[in-house]
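Just so you know, the protein sequences line up as chains A and B, in that order.
Going by the numbering used here, the letters in the first sequence line up with residues 1 to 144, in that order.
Going by the numbering used here, the letters in the second sequence line up with residues 1001 to 1144, in that order.
We treat Cβ as the ideally placed atom computed from N, Cα and C, and that holds for glycine.
Number of protein chains: 2
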Amino acid sequence: MMSKHAKEMGVLKEHLGKHQLKFTRQRELILDAFLKQEHITAEAMYHQLARKDPHLGLATIYRTLNLFCEAGLAQARHFGTQTQYDNVSHKGHHDHLICTGCGKIVEFENCDIERLQEEVASRNGFTIQTHRLELYGLCSRCRH
Amino acid sequence: MMSKHAKEMGVLKEHLGKHQLKFTRQRELILDAFLKQEHITAEAMYHQLARKDPHLGLATIYRTLNLFCEAGLAQARHFGTQTQYDNVSHKGHHDHLICTGCGKIVEFENCDIERLQEEVASRNGFTIQTHRLELYGLCSRCRH
DNA sequence: TATTTTTTTGAGATGGTTTATCAATTTCAA
DNA sequence: TTGAAATTGATAAACCATCTCAAAAAAATA
Ligand SMILES: [Mn+2]
Ligand SMILES: [Mn+2]
Ligand SMILES: [Zn+2]
Ligand SMILES: [Zn+2]
């Protein structure tokens, strides 16, 4: 039977091949667990994977999640104190709504906002490379 | 002669009074230096003030800048690795364009973007408390 | 398959930034 | 002027992420 994450595993292997990097048991294990998440911290992955492999080191988790970022499977986001790794393997650009009550994260895309950002930039002589838009507030559950 | 920063000194003193805090030589010194800046890090203030008072501690700078935030004179911004303290004593809400080449920071306000943010939030059942919008790219000088 | 080369790993040290601790000092109201 | 309360400066600690390096694993080569 074919792995559930065959496509993404292929993306990783292609990246590894292009950069003289090796395919390891740890990288496979971490990718498999990562793809089941939407946003996760290195620390959270560490604890979650400790059950499957108690010897997996935290440094390896960080190294591997950063590798996923380079391979285009993940994006590092800095919402709070710890870096959240965003699983972007199956989605395009998006921004976030974050509940300050329960920590819930909702993703959204808004072309109008993106266009206005470009306008602001060009009006000031800038060319945008990246941007960051985060809306912090209370979700409907936490408001009541 | 009246101090150049009389109004802001008044805001600070009012905040101190309301919270049983004391007016000190250090707080006056740091406020005076802070108000001459647009955005500055605690570390940068520390080095800058070392000339006027070589005994001023870094912890005091941090404590005092955080106090200014509580008094509404400053806002902490997390653009890069170090916290930038934004002098908001004479301005309202604004967002930032940041040049990845030279570090130049341009402030902007855009009501249309703000309105669209509210729309996105309410469509998702959220009530916005704060937001963060940063556009990273190259300024006209750095592009050439 | 055996050998060699190269990369990766795990444990812990290290680094950078900010906050906490605490005895000595300063402020300010009585 | 006195004394309670807050502040300060030096430095330790916390925190998150990266770096170091010897041992292990992977892949290329023979
Ligand atoms: Mn996301
Ligand atoms: Mn600003
Ligand atoms: Zn919530
Ligand atoms: Zn520039």
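Distance from the C-beta of Gly1101 of chain B to the nearest heavy atom of ligand 4 is below 7 Å.
In this structure, His94 of chain A keeps its C-beta atom at 8 Å or more from the C-beta atom of Glu114 of chain A.
Ligand 3 approaches Arg141 of chain A closely enough that one of its heavy atoms is under 7 Å from the residue's Cβ. Between Gln82 of chain A and Glu134 of chain A, the C-beta gap is not smaller than 8 Å, which leaves the two residues out of contact.
Residue environment for Thr64 of chain A: buried (at least 16 other C-beta atoms within 10 angstroms of its C-beta). Between the alpha carbons of His5 of chain A and Leu35 of chain A lies a distance of about 8 Å. Within the same chain, Lys13 and Leu16 come within 7 Å of Phe23 of chain A by CB-CB distance, once the 5 residues on both sides are set aside.
Closest in alpha carbon position to Cys142 of chain A, among A:Gln129, A:Glu118 and A:Thr100, is A:Thr100. DSSP, read as helix, strand or coil, puts Val88 of chain A in coil.
Contact check for Ile1040 of chain B against Tyr1085 of chain B passes: the beta carbons are separated by less than 8 Å.
Rounded to the nearest whole angstrom, the C-alpha separation of Gly1103 of chain B and His1096 of chain B is 12 Å. Secondary structure note for Gly17 of chain A: its alpha helix (DSSP H) is the uninterrupted segment Ala6 to Lys18. The C-alpha of Glu28 of chain A is placed about 12 Å away from the C-alpha of Leu49 of chain A. Listed along the chain, the chain A residues whose CB falls inside 8 Å of the CB of Tyr1136 of chain B are Ile128, Gln129, Thr130, His131 and Arg132. Here Ile105 of chain A is actually not in contact with Tyr136 of chain A; their C-beta atoms are around 11 Å apart, not less than 8 Å.
Residue state for Thr64 of chain A is assigned as helix, using DSSP reduced to three classes.
Taking a C-beta distance under 8 Å as the contact criterion, Ser1089 of chain B and Leu1067 of chain B do not qualify as a contact pair.
Distances taken from the Cβ of Glu1107 of chain B to the heavy atoms of ligand 2 include one shorter than 7 Å.
Around the beta carbon of His131 of chain A, 16 or more other beta carbons sit within 10 angstroms, so the residue counts as buried.
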